[in-house]
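Residue numbers (the numbering used here), protein chains in the order written: chain A, 1 to 220; chain B, 221 to 460.
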């Protein structure tokens, strides 16, 4: 019995797909880490009193949110890196940048919303005891806002993880790309794609369940 | 200690303060009363520049607040502010709420700040709450912690913005008691309040504000027992 299960097309595709999954996860994690930095800058920039800073980041957020990630990836990899500046970055790097830029725009809104949601009195209490604007942000506003950011950031992780699947068009060797390579030689299309979906679900469902629990625990 | 000259404040087209002149001497307790919307909170918030001043000047200890060379953070560190809604930091323990300012603004070491904090908690009767979070305190306890937090900066003046208005009636007394102790120790205080009993008993002077100006001022006995301005008379007749 065990022998037959292990021998099915489903299981045999796994080693290939898992190689792809490693790339998928790496791009998601590195990209989101960078996206968190960009998103924090953008989110705080959108709350800035300086209208140029505010304008710059607003344009960034609207452009990224208003265009599909597939177009963004193609634009970054073929349009900018190859055609415009003739720089041959790897497709992996292009994928990381695409996730960072894309998630950054959504994280910007998460950051802005969370910071904005903190009661104005917190800011006033900090400033009125003589803390500078920066100190107030760092010691009072950000720690409280960050707690509120955790659930939507987890959500963004799930979204970005799935978004990486379009990077097969820029030849990133992610799960989807590996699946296509695999079934193009074995023709076990159905079995392979079932496994692709199962692999995504193996990550997204536990993450979602964990987030639900975390959300209740954080009481946000 | 505080001098205010021809202070104006507008929010857009709405002029909230229409020329306020006032002084507060050292160790004086000045209570500001008046109907809601009269501009008393705005007036108080101008005293530490939580509201930008539209015109006029405010001096604290001679420092002109709107002068660009004045470091507003230095001035604020000498002016304590207590808010109606306490504004305690919910992510910090009671003691950490109190020690944040002394550590970050005054540069005290953590241990020095803790000593200061624990002494102040004892003063407001909440020594046993040092490690609790604000959420677990009653309103009155929160406000006493907020007062201790302000005192930790060793301010020269304390501003109170309706400190008891958000409290259940039975919790008001403890907070007023702490404020009374402070007044007796010689703290300079400006108190926006609806507690006429407190204004009468503890205030050295009462300002009655309405429609963005000070309509009448004087000693509590004079304002409460023998008000001259018809607006003061009508306000007091409604609430007393």
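Ideal placement from N, C-alpha and C gives every residue a C-beta, glycine not left out.
Item	Value
Below 8 angstroms CB to CB, which residues in the same chain sit around residue 347 of chain B once its five sequence neighbours on both sides are set aside?	338, 341
Tell whether a beta-carbon distance below 9 angstroms holds between residue 412 of chain B and residue 252 of chain B.	yes
DSSP state of residue 238 of chain B, grouped into three classes?	strand
Please say whether residue 97 of chain A and residue 34 of chain A have beta carbons closer to each other than 9 angstroms?	yes
Drop a sphere of 10 angstroms on the beta-carbon of residue 120 of chain A, count the other beta-carbons inside from all chains shown, and report buried for 16 or more, exposed for fewer.	exposed
In or out: residue 266 of chain B buried (at least 16 other Cβ within 10 Å) or exposed?	buried
Taking the C-alpha atoms as reference points, what is the distance between residue 368 of chain B and residue 138 of chain A?	22 angstroms
Can you list the residues of chain A that residue 325 of chain B reaches, using a CB-CB cut of under 7 angstroms?	129, 130, 131
Give the secondary structure of residue 335 of chain B by DSSP, where H, G and I count as helix, E and B as strand, and everything else as coil.	helix
Taking the beta strand (DSSP E) that residue 276 of chain B falls in, what are its first and last residues?	275-280
Given this structure, state the Cα-to-Cα distance separating residue 417 of chain B from residue 398 of chain B, to the nearest angstrom.	15 angstroms
Would you kindly check if the distance between the Cβ of residue 171 of chain A and the Cβ of residue 81 of chain A is under 9 angstroms?	no
Less than 9 angstroms between the C-beta atoms of residue 155 of chain A and residue 211 of chain A, yes or no?	yes
Count the C-beta pairs between the stretch 124-138 of chain A and the stretch 192-199 of chain A that are closer than 8 angstroms, then say yes if the count reaches three, no if not.	no
Measure the CB-CB distance between residue 378 of chain B and residue 410 of chain B and report whether it falls below 9 angstroms.	yes
Can you tell me whether residue 356 of chain B sits near the ligand ZN, meaning its C-beta is under 8 angstroms from at least one heavy atom of the ligand?	Although the ligand ZN was asked about, the structure shown includes no ligands whatsoever.
So, using beta-carbon positions, are residue 72 of chain A and residue 101 of chain A closer together than 9 angstroms?	yes
Going by C-alpha to C-alpha distance, which of A/209, A/204, A/216, A/217 sits closest to residue 24 of chain A?	A/204
Just to confirm the assignment, what range does the beta strand (DSSP E) spanning residue 231 of chain B have?	222-231
Buried or exposed for residue 42 of chain A, please, with buried defined as at least 16 other CB atoms from any protein chain shown within 10 angstroms of its CB.	buried
Is the distance from the Cβ of residue 64 of chain A to the Cβ of residue 104 of chain A below 9 angstroms?	yes
Quick one: grab the DSSP three-state call for residue 432 of chain B.	coil
From the DSSP output, in three-state form, read off residue 381 of chain B for me.	strand
In terms of alpha-carbon separation, which member of B/268, B/434, B/358 lies closest to residue 461 of chain B?	Only positions 221 to 460 of chain B appear in the structure, and residue 461 of chain B is not among them; the question remains open.
By alpha-carbon positions, which one of B/278, B/288, B/435 ends up nearest to residue 259 of chain B?	B/435
Give a yes or no on whether the minimum CB-CB distance between residue 191 of chain A and chain B is below 9 angstroms.	no
Quick check on the DSSP output: the beta strand (DSSP E) that includes residue 250 of chain B runs from which residue to which?	249-253
Taking the alpha carbon of residue 394 of chain B as the point to measure from, which residue in B/428, B/344, B/283 has its own alpha carbon closest?	B/344
Using only the alpha-carbon positions, how far apart do residue 143 of chain A and residue 159 of chain A sit?	24 angstroms
Would a check of beta-carbon distances place residue 351 of chain B closer than 9 angstroms to chain A?	no
With DSSP collapsed to three states, give me the class of residue 326 of chain B.	coil
For the alpha helix (DSSP H) containing residue 67 of chain A, name the first residue and the last one.	That residue, residue 67 of chain A, is in no alpha helix (DSSP H); it is neither H nor E in DSSP.
Would you verify that the beta carbon of residue 298 of chain B is, or is not, closer than 9 angstroms to some beta carbon of chain A?	yes
Between the Cα of residue 130 of chain A and those of B/365, B/247, B/322, B/424, spot the shortest distance and give me the residue it belongs to.	B/322
Just to confirm the assignment, what range does the beta strand (DSSP E) spanning residue 408 of chain B have?	408-412
For residue 118 of chain A, which residues of its own chain have a beta-carbon under 6 angstroms away from its beta-carbon, when the five flanking residues on both sides are left out?	141, 144, 145
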